[in-house]
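Chains as they are written, first to last, in the UniProt record's numbering: chain A, 1 to 266; chain B, 1 to 548. Have a look at the structure below before the remarks.
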Amino acid sequence: MEQEMCIPVNHDDFIHDVAYNFYGTRLATCGSDRCIKIWDWNKQTGQWILNDSVSAHDSSVIRLSWAHPEFGQVLASCSLDRTMKIWMEADPTTKNDIGRWKLAATKHHSAAVHCIAFAPEYTNLTIAVACSDGKVTFYSPTDPVKLDDWSNSSIIEFASGVSTDSDGPLCLSWCKSRFATPSMIVIGGSKENCIRVYKQAIASLTFVEMLELDRYESAVLDVDWAPSMGRSYHLIATACSDGHIRIYKFWSHPSMAKSTLSDSLF
Amino acid sequence: MPRKGTDKFVVCRETEVVTHLEPGLFPAGRQSEWSEQNRTLTFSINPLSNQIAIAVAGKQASERLPQRVPVYEQDQSVHICGLGGVPDSRLPFVNDTHAVFSTLQNIMATTGEERVAVGVDSLLRMSALYREAMLRQIRMLQEAGEATEFIEAEMTTFQAMHAVWHLVEIIYLTTNLPGLSTSVVPHFMEWLNFNFPAPLAEDGQRLLEAGTLALNDELWAYLRKLALRGHVSVLANMLERVAPVPELSAAAARWARDVAGMARSMPLGSSEETAGSFGARWRRWNEQLQNAAAAMRVLPSGDAALESVLAVVDVMRGDADAISAEAATWQDVLGAVLLYSEPTAQADRLPALAALAAEQFEAAEFSKLDRALVALLSHELPGLLVHCGKIDAWLAAHLADVMDHISILDACRRAFAVDPREHYLVALAEMYMGHENLWRVALDYLGLCGTPAARAVMTELAVRIPRECDAKAQQVLRVCRRFALTGAADRIHRQLGRQQWQRGRLGAAIGHFAEVGDRLSIGRICDQLWDQYLKSGVLAYGPVVDGV
Chain A
1 MEQEMCIPVN HDDFIHDVAY NFYGTRLATC GSDRCIKIWD WNKQTGQWIL
51 NDSVSAHDSS VIRLSWAHPE FGQVLASCSL DRTMKIWMEA DPTTKNDIGR
101 WKLAATKHHS AAVHCIAFAP EYTNLTIAVA CSDGKVTFYS PTDPVKLDDW
151 SNSSIIEFAS GVSTDSDGPL CLSWCKSRFA TPSMIVIGGS KENCIRVYKQ
201 AIASLTFVEM LELDRYESAV LDVDWAPSMG RSYHLIATAC SDGHIRIYKF
251 WSHPSMAKST LSDSLF
Chain B
1 MPRKGTDKFV VCRETEVVTH LEPGLFPAGR QSEWSEQNRT LTFSINPLSN
51 QIAIAVAGKQ ASERLPQRVP VYEQDQSVHI CGLGGVPDSR LPFVNDTHAV
101 FSTLQNIMAT TGEERVAVGV DSLLRMSALY REAMLRQIRM LQEAGEATEF
151 IEAEMTTFQA MHAVWHLVEI IYLTTNLPGL STSVVPHFME WLNFNFPAPL
201 AEDGQRLLEA GTLALNDELW AYLRKLALRG HVSVLANMLE RVAPVPELSA
251 AAARWARDVA GMARSMPLGS SEETAGSFGA RWRRWNEQLQ NAAAAMRVLP
301 SGDAALESVL AVVDVMRGDA DAISAEAATW QDVLGAVLLY SEPTAQADRL
351 PALAALAAEQ FEAAEFSKLD RALVALLSHE LPGLLVHCGK IDAWLAAHLA
401 DVMDHISILD ACRRAFAVDP REHYLVALAE MYMGHENLWR VALDYLGLCG
451 TPAARAVMTE LAVRIPRECD AKAQQVLRVC RRFALTGAAD RIHRQLGRQQ
501 WQRGRLGAAI GHFAEVGDRL SIGRICDQLW DQYLKSGVLA YGPVVDGV
């Protein structure tokens, strides 16, 4: 794998996340310098150009998530300052590279926010926010145009009892299949070191536990739900501090679940 | 333990596919030290190409560290890394072969009742067009000027692709046809001498011009190589040039002339001659060689030139030991065995003979091309596709497609966890998507692949194509209509509607939302216009209605 080019992002401290947008034409970075930087790919020059640099939070910015472009140029960030913020590009036609991104909304939490992820666009504009208090909160905008007011639509209490930062962060990933109804999300981490899949109840729109995939002796660092691409089953990968990556295959419909592993891909 | 009804796979270091970043982002051998300084790597995969954005990241936020860890300049970059894309130099080849691929799919879809006969002829024509494209690319690379590492690598790849493709054509399209009894030998020798030329003509010219022919050891090695590769006319000419040389002994000179004559009289098969008649001529000719060899053996030893002439005769009479002694590659062995021991062999003899030839060489030293060719000759089609995939994604994809059209892929589908034609075509299309000028070609490959999984990939890729201008957006929508990607078209219309709305082009926005029946968004735009009127007192929706 060869290095094709290098972008000197020049955060004044550690970088914590890098995220391409939906088309791969924009790149956002964030770090311990509390800033978010957004870069645009210039097709003519073949270079990445700085679009904006935002002093985003009062503490290290940990994670970024781009919304689907159907909702406009929307970027979410989360931080150790216990907030999740929604940023919108004010006017994409301006040439001024300062102040193009405006803060649209801020949501406060009781503990550091380590992970956020926008839902796939066909579930409407929803963002999941994972907090060190062991809870995952789901927000949706009341006004899908201005995006300045987001209401809490559901909460998952992932960890039983009180959780703190020392119990380890939560991580999450949405099911990206267009044909998965209801919506599903996988969450892992915290003090229980387990991985659970939740599905959204159709009537109440709250999320309920669907199954616990596994439980570990060591901390869960990350989870990811693979795009379905026409498969009849789902694939979820987990990364643990024991140094292993585990890939799980499961069926969302109990009738399709295999009682043995005879059809295993592996 | 995973829940019953689920399945788990743990990635092991021994089995994982490892891709190393060159150059690395931390000093070699000092990973632990680097990691202890709060460093790790973070990445984001480009949704449309084979690129990954990688950066040195902090495991923990700075404020969580017990003491400040300095951050250096080399930690302050995002590195865009590629897993191999399509270089611009390949664009003509990609476009040419895309046209052939599209034509082939259309032909095979419309041949109807006479599918088999018409299909094979068409496949042969298309196969020849593919090879022409490869040869054009090779010529282009040869004429490129300075031989850089990249050009050398591309030359090697395309020469390997041509070698495999040519042999597939010979085995499955030219000779191995139902009702057709054709020897594979002349085609194989043509393939061997075209794709692995030896010995080189310029070497022979150099030897002739050097003088002191008989004393030149290189000459005799050259003559033995000519015999090995069946260049009997050139061999005869050179023996006749050497024979009168004064330094040669009388016996060597006499046998050089006689062997030249035998080389010229080597029987060649024709379509008008029966196998039996050809076989009789061949046996007579072989007997001449056997007698010549026997006669030379009783002569006094120590005559190097005579021993070399004897070696030539031994090769031509099909002596396995002599062939093995002269051969530099397993292809040399196989060619000589076919030419001199089984001149009427058909394609079904290739697996056994190829195995015998290959086992004389160290398999561990085989190149990717060697492995692919051995798999092909042994009719190990799953192995062939896998090795071809390592040579180049184009080769595996198009080979799987042709194999499917010839109906030989069905027999080996069970060896794969997924449909191999679909797998390789989708992989090729995804590689093409990484090049900004090949998105249309990529979508065509996915569309013509015709499987549900390919359509699913196509849908996801179509909505991710950046639409820098209205013209390109319309182009993407046309592709969606062509392949009936209604879901993708809907999503694109919504995105375009939203963009136009943000730019204030309300008429265009309403048009896009109307395409997908999004009454809610249209209603909100109308509310916006109504609010404007209430505030300003001016009816500004005339242009909007015109736009709609």
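Using N, Cα and C, we set each Cβ at its ideal position, and we do this for glycine too.
> With distances taken between CB atoms, is the gap from R257 (chain B) to E240 (chain B) smaller than 9 Å?
Replying inline: Judged by beta-carbon spacing, E240 (chain B) lies within the 9 Å limit of R257 (chain B), meaning their Cβ atoms are closer than that value.
>> Within 9 Å of any Cβ in chain A, is that where the Cβ of F513 (chain B) sits?
In response: F513 (chain B) is outside the set of residues whose beta carbon lies under 9 Å from a beta carbon in chain A.
>> Let's see if you can read the secondary structure: which residues bound the beta strand (DSSP E) around Y216 (chain A)?
In response: From DSSP, Y216 (chain A) is part of no beta strand (DSSP E); its letter is neither H nor E.
>> I need the straight-line Cα distance from residue 317 (chain A) to T123 (chain A), nearest angstrom please.
In response: What is shown of chain A runs 1 to 266, which leaves residue 317 (chain A) out entirely.
>> Quick check: is the beta carbon of M229 (chain A) nearer than 9 Å to any beta carbon in chain B?
In response: Under the Cβ distance rule, M229 (chain A) counts among the residues neighbouring chain B, one pair being separated by less than 9 Å.
> Taking only beta-carbon atoms, is I156 (chain A) less than 9 Å away from chain B?
Replying inline: By this cut-off, I156 (chain A) is not an interface position.
> If we cut at 9 Å on Cβ distances, does L265 (chain A) have a partner in chain B?
Replying inline: At L265 (chain A) the pLDDT is 42, less than 50, meaning the model places this residue with poor confidence and gives no usable figure here.
> Using the rule of at least 16 other Cβ atoms within 10 Å of the residue's Cβ for burial, across every protein chain shown, is V538 (chain B) buried or exposed?
Replying inline: With a 10 Å radius around the Cβ and a threshold of 16 neighbouring Cβ atoms, V538 (chain B) comes out exposed.
> By the criterion of Cβ-Cβ separation under 7 Å, what are the contact partners of A19 (chain A) in chain B?
Replying inline: Against chain B, a Cβ distance below 7 Å from A19 (chain A) picks out S44.
> What residue from B:S89, B:S32, B:L223 and B:A489 has the CA that sits closest to A473 (chain B)'s CA?
Replying inline: Among B:S89, B:S32, B:L223 and B:A489, the Cα nearest to that of A473 (chain B) is on B:A489.
> Based on Cα-Cα distance, which residue from B:L334, B:K535, B:G517 and B:G507 lies nearest to I525 (chain B)?
Replying inline: Looking at the Cα atoms, B:G507 is the closest of the given residues.
>> M262 (chain B) and Q316 (chain B) - do their beta-carbons sit closer together than 9 Å?
In response: Looking at the sequence itself, residue 316 (chain B) is Met, so the reference to Gln does not match. It is a contact, given that the beta carbons lie within the stated cut-off.
> If you draw a straight line from the C-alpha of F43 (chain B) to the C-alpha of R421 (chain B), how long is it?
Replying inline: F43 (chain B) and R421 (chain B) have their C-alpha atoms roughly 31 Å apart.
> Which whole-angstrom value is the C-beta distance of M108 (chain B) and H398 (chain B), which I expect to be below 8 Å?
Replying inline: With a Cβ gap of about 13 Å, M108 (chain B) and H398 (chain B) do not count as contacting.
> What is the rounded straight-line gap between the Cα of residue 551 (chain B) and the Cα of N51 (chain A)?
Replying inline: The requested residue 551 (chain B) does not occur in the structure, where chain B is confined to residues 1 to 548.
>> By the 9 Å beta-carbon criterion, what residues does the stretch 481 to 501 of chain B contribute toward chain A?
In response: So the close ones are G487, R491, R494, Q495, G497, R498, Q499 and W501.
> When the cut-off is 9 Å and only beta carbons count, does D75 (chain B) lie next to chain A?
Replying inline: True, the Cβ-Cβ gap to chain A drops below 9 Å.
> Exposed or buried, what is I15 (chain A) when buried is set at 16 or more other beta-carbons lying within 10 Å of its beta-carbon?
Replying inline: When all chains shown are included, I15 (chain A) counts as buried.
> According to the neighbour-count rule (16 or more other Cβ atoms, all chains shown, within 10 Å of its Cβ), is R63 (chain A) buried or exposed?
Replying inline: Under the 10 Å beta carbon count, R63 (chain A) is surrounded by 16 or more other beta carbons and is classified as buried.
> Using the rule of at least 16 other Cβ atoms within 10 Å of the residue's Cβ for burial, across every protein chain shown, is T181 (chain A) buried or exposed?
Replying inline: Per the 10 Å Cβ criterion, exposed.
>> With DSSP as the reference, identify every bridge partner of residue 566 (chain B), one or two as the case may be.
In response: Outside the displayed range of chain B (1 to 548) lies residue 566 (chain B), so it cannot be described from this structure.
> In chain order, which beta strand (DSSP E) runs of at least 3 residues are fully inside the stretch 378 to 445 of chain B?
Replying inline: Qualifying beta strand (DSSP E) stretches: none in this window.
> Which residue from B:M266, B:W530, B:E359 and B:F26 puts its Cα closest to that of A57 (chain B)?
Replying inline: Here the closest residue by C-alpha is B:F26.
>> Strictly below 8 Å CB to CB, what residues from chain B border L27 (chain A)?
In response: Under the 8 Å cutoff, chain B gives S44, A53 and V78.
> Can you list, in chain order, the residues of its chain whose CB lies under 7 Å from that of C81 (chain B), leaving out five sequence neighbours each side?
Replying inline: L21, Q51, I52 and I54, listed in sequence order.
> Residues of chain A with a CB under 8 Å from the CB of C81 (chain B): which are they?
Replying inline: Near C81 (chain B) (Cβ distances below 8 Å), the residues of chain A are M1, E2, Q3 and E4.
> In chain B, which residues lie less than 8 Å from Y23 (chain A) when you measure between Cβ atoms?
Replying inline: Under the 8 Å cutoff, chain B gives P47, L48, R464, I465 and P466.
> Alpha carbon to alpha carbon, what distance is there between A112 (chain A) and G161 (chain A)?
Replying inline: Roughly 17 Å between the two C-alpha positions.
> Should F250 (chain A) go down as buried or exposed, given a rule of 16 or more other Cβ atoms within 10 Å for buried?
Replying inline: Under a 10 Å Cβ-count criterion, F250 (chain A) is classified as buried, with 16 or more other Cβ atoms of the shown protein chains found around its own Cβ.
> Ends of the alpha helix (DSSP H) at Y170 (chain A)?
Replying inline: Checking the sequence, you will find Leu at residue 170 (chain A) rather than Tyr. That residue, L170 (chain A), is in no alpha helix (DSSP H); its beta strand (DSSP E) goes L170 to W174.
> Nearest chain B C-beta to S110 (chain A) closer than 9 Å, yes or no?
Replying inline: S110 (chain A) does not count as touching chain B.
> Expressed to the nearest angstrom, what Euclidean distance is found between the alpha-carbon atoms of G72 (chain A) and L48 (chain B)?
Replying inline: Between G72 (chain A) and L48 (chain B), the C-alpha separation is close to 19 Å.
> Exposed or buried, L534 (chain B), counting other C-beta atoms within 10 Å across all chains shown (16 or more means buried)?
Replying inline: By the 10 Å Cβ count, L534 (chain B) comes out exposed.
> Cα-Cα, which of B:M126, B:F278, B:E209 and B:E154 is closest to E169 (chain B)?
Replying inline: Taking the Cα of E169 (chain B) as reference, the smallest distance to any Cα among B:M126, B:F278, B:E209 and B:E154 is reached at B:M126.
> F26 (chain B) lies in the beta strand (DSSP E); which residues open and close that run?
Replying inline: Bounds of any beta strand (DSSP E) do not take in F26 (chain B), whose DSSP letter is neither H nor E.
> Who are the Cβ neighbours of A221 (chain B) in its own chain at under 6 Å, not counting the five residues just before and after it?
Replying inline: So no residue of the chain qualifies.
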